[in-house]
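Sequential numbering from 26 applies to the sequence shown in the numbering used here.
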Amino acid sequence: MPDEMARPLIRGRGVGGGSGRLEASTSEPDAPVVGILGTGDFSRSLARRLAASGYQVVVGSRNPKRSAALFPEEAEVTSQVEAASQADLVFVAVFPEHHSTLVELKPTLAGKTLVDVSNGLSINRDGPSNAEQLAKLFPESSVVKGFNTISAWTLQVGPRDGNRQILLCGNNSTAKSSVMQLCRRMGFVPVDMGLLSSSLEVENLPLRLFPSWRVPVLCTLCLFAFFYVYNFLRDVLQPYIMAKKKFFYKMPIETVNATLPAVALVMLSLVYLPGLCGALLQLCWGTKYNRFPCWLDRWLTSRKQLGLCSFLCAALHAIYSLCLPLRKSAYFKLLIDSKQLKEGDVWVEAAVWRMELYLSVGIMALGLLSLLAVNSLPSVANTVNWREFSFIQSTLGYCALSMATLHTLLFGWDRAFDLARYHFFLPPTFALAVVLPLTALLGRLVLFVPCVARRLGLIRRGWEKSRHIRFDLPDEGCCNGLEDASYV
Ligand code: NAP
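Here's what the structure looks like:
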């Protein structure tokens, strides 16, 4: 834990010379009483927030005298039994391995609501959850799981500066709604996650480390490593071995900049290929009711992350490209080239056109990719309906893929047919990078062929080859076009 987090979150009564009184406190003698067991970081932040929200707070400690100085004046710090007997709603802010030490409070806590805020040390896949174990220890109390997804820090600074949502679950609906009410009064937004059986999921949430990003990020890194080594072999090592030319200076910028667009393009094609695979399988099976293989299911659900990784690489490529002329090597090369120029060499019409088109199409592709990235934000995606969302992600997505492929082909121009470009007999990088995007675009075109599109349309509306159910689509206009065929 960083030093900052290890420090006490709330200064005590005597600490720092402050009075320890809460500026925003509105707690009154007849305000509802809330109990907290435990006097650690979480308990102190919670006590402060509860007192500021107008609750009377009573904290139960094994050693009240030692802990009292750490709490604001509004909170009463007493023994565990005393705290448990005074409140109808009690937060259990002790680590789950110490829950069993609280069993002597069982009679006192009977009929009351216990809020389990605990987290585990590692992801618990098999259960039971901490909350379920607590419910077993206190069968006469109603256990509600919650507050574990926010930190003591968020609680201390308040909902304006942290995650506002608090996920709650529990079997007793009255107990759950009283905790929800308390959340609202504290300024948080309660989210009902259902019964206590969901507590395992709620407990695992803060322990997850980007679960949906692992494969896409790994894929990006592997592709980056592959294309980087490939470019290094072709553009740096080959000239050194064959002609003793030292191009090692290219490694930090030029080689990276030649690698990024290849990764971006392949990643973007990986966004659209699983939809095509799904469509192909449905056409072969003649039904949409067969389950896709697991790998395809997982691939389909990773499309957003794959697309965002592609966007990141494309954006980095744009920035690297803008920086190319700033390099000293570019300046020296310009000087050397300018001395070798003859008058007729200054303007090469084909090269001018190639570069104009190449840049224009590249900018368009990046613009469209940015639009797709923005549209994948949940807050933006929630403002458009399904048809609009799929139009942007599918139709505009294929436009972005076409533009990016064209950008790469324009970069290649006629170099793929120039044998001198095949260093170490390796084809130019762009020739490798366009294979998957061209496959995706061709596959998409095949799905446009009327007989294929019609059959796929029927299958997606429930037609099955094996059952020989014959029916027609209501009318041709009902086929939503591009977006329908690619979204599986
Ligand atoms: P902490 O600072 O270590 O405090 C735990 C408290 O538990 C102690 O101060 C102690 O208070 C009490 N306790 C009761 N019986 C105990 C026993 N047998 N052995 C040791 N301590 C005992 O921990 P914390 O950070 O406040 O976390 C408390 C709970 O909140 C944990 O379950 C944690 O997973 C959860 N949580 C914490 C955070 C966070 O940001 N810190 C966020 C979400 C959830 P007394 O000595 O006064 O009895």
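Note that CB positions come from ideal geometry on N, CA and C, so glycine has one too.
Using C-beta distances below 6 Å, list every residue in its chain close to Gly-183, excluding the 5 sequence neighbours before and after it, in chain order. none
For the alpha helix (DSSP H) holding Glu-157, just list the boundary residues, first then last. 155 to 162
Would the beta-carbon of His-123 be found less than 7 Å away from any heavy atom of the ligand NAP? yes
Which residues in the same chain have their Cβ closer than 6 Å to the Cβ of Gly-387, if we skip the five residues on either side of it in sequence? His-432
Are there 16 or more other CB atoms within 10 angstroms of the CB of Tyr-314, so buried, or fewer, so exposed? exposed
Please classify Leu-391 as buried or exposed, where buried requires at least 16 other C-beta atoms within 10 Å of its C-beta. buried
Among Met-380, Ser-222 and Leu-435, which has the Cα closest to the Cα of Arg-150? Ser-222
Closer than 7 Å: is that where the CB of Gly-72 sits relative to any heavy atom of the ligand NAP? Correcting the residue type first, residue 72 is Ala in the shown sequence and not Gly. No, the ligand NAP has no heavy atom inside 7 Å of this Cβ.
Taking the C-alpha atoms as reference points, what is the distance between Gln-81 and Leu-71? 12 Å
Exposure label - Val-377; buried when at least 16 CB within 10 Å: exposed
Would you please state the rounded distance, in angstroms, between the beta carbons of Glu-101 and Asn-173? I believe it to be under 8 Å. Wrong, their Cβ atoms sit about 25 Å apart, outside the cutoff.
Can you check which of these residues, Gly-85, Val-296, Thr-408 and Cys-348, is closest to Arg-323 by C-alpha distance? Val-296
Buried/exposed call for Cys-476, threshold 16 Cβ in 10 Å: exposed
Using only CA atoms, which one of Ala-94, Thr-326 and Pro-299 lies nearest to Gly-65? Ala-94
Whole angstroms are fine: how far does the CA of Pro-97 sit from the CA of Arg-73? 7 Å
Under the three-state DSSP convention, the category Leu-451 falls into: coil
Can you name, in chain order, every residue of its own chain whose Cβ lies under 7 Å from the Cβ of Gln-307, other than the five neighbours on each side? Lys-313, Leu-481 and Ile-484
Which residues end up in the neighbourhood of the ligand NAP when you take C-beta atoms closer than 5 Å to any of its heavy atoms? Gly-63, Thr-64, Gly-65, Asp-66, Phe-67, Ser-86, Arg-87, Ser-92, Ala-118, Val-119, Phe-120, His-123, Thr-126, Val-142, Ser-143, Asn-144, Asn-173, Ser-176 and Ala-177
When the distance is taken between beta carbons, is Gly-60 closer than 8 Å to Val-106? no
Grab me the residues of Leu-321's own chain with a C-beta within less than 8 Å of its C-beta, minus the 5 sequence neighbours each way, in chain order. Pro-299, Cys-302, Gly-303 and Leu-306
Do the CB positions of Val-216 and Ile-191 come within less than 8 Å of each other? yes
Tell me the DSSP bridge mates of Cys-194? Lys-170
DSSP three-state call for Ala-287: helix, strand or coil? helix
Closer than 6 Å by C-beta to Ala-56: which residues in its own chain qualify, once you throw out the five before and the five after it? Chain order, please. Gly-79, Tyr-80 and Gln-81
What would DSSP say about Val-459, mapped onto helix, strand or coil? coil
One question on the structure: do Val-204 and Leu-193 come within less than 8 Å of each other, judged by their Cβ atoms? yes
Determine, using beta carbons only, whether Ser-335 and Ala-406 come nearer to each other than 8 Å. no
Just list the beta strand (DSSP E) runs in the region 198 to 246, keeping only unbroken ones of 3 residues or longer that don't cross its boundaries, in chain order. 214 to 217
In chain order, what residues of the same chain have a beta carbon less than 6 Å from the beta carbon of Ala-135, not counting five sequence neighbours either side? Glu-165
How is the beta strand (DSSP E) around Val-59 delimited, first residue to last? 58 to 62
Are Leu-394 and Gln-418 close, meaning C-beta to C-beta below 8 Å? no
Indicate whether Pro-453 and Arg-469 have their beta-carbon atoms separated by less than 8 Å. no
When you compare only the Cα positions, how much space is there between Leu-435 and Thr-280? 19 Å
Extent of the continuous alpha helix (DSSP H) to which Leu-104 belongs: Before going on, a small fix: residue 104 reads as Ser here, not Leu. Run containing Ser-104: none in the alpha helix (DSSP H); it sits in the beta strand (DSSP E), 100 to 104.
Can you give the Cα-Cα distance for Gly-311 and Cys-244, rounded to whole angstroms? 32 Å
Let me know the secondary structure DSSP gives Phe-414 once reduced to three states. helix
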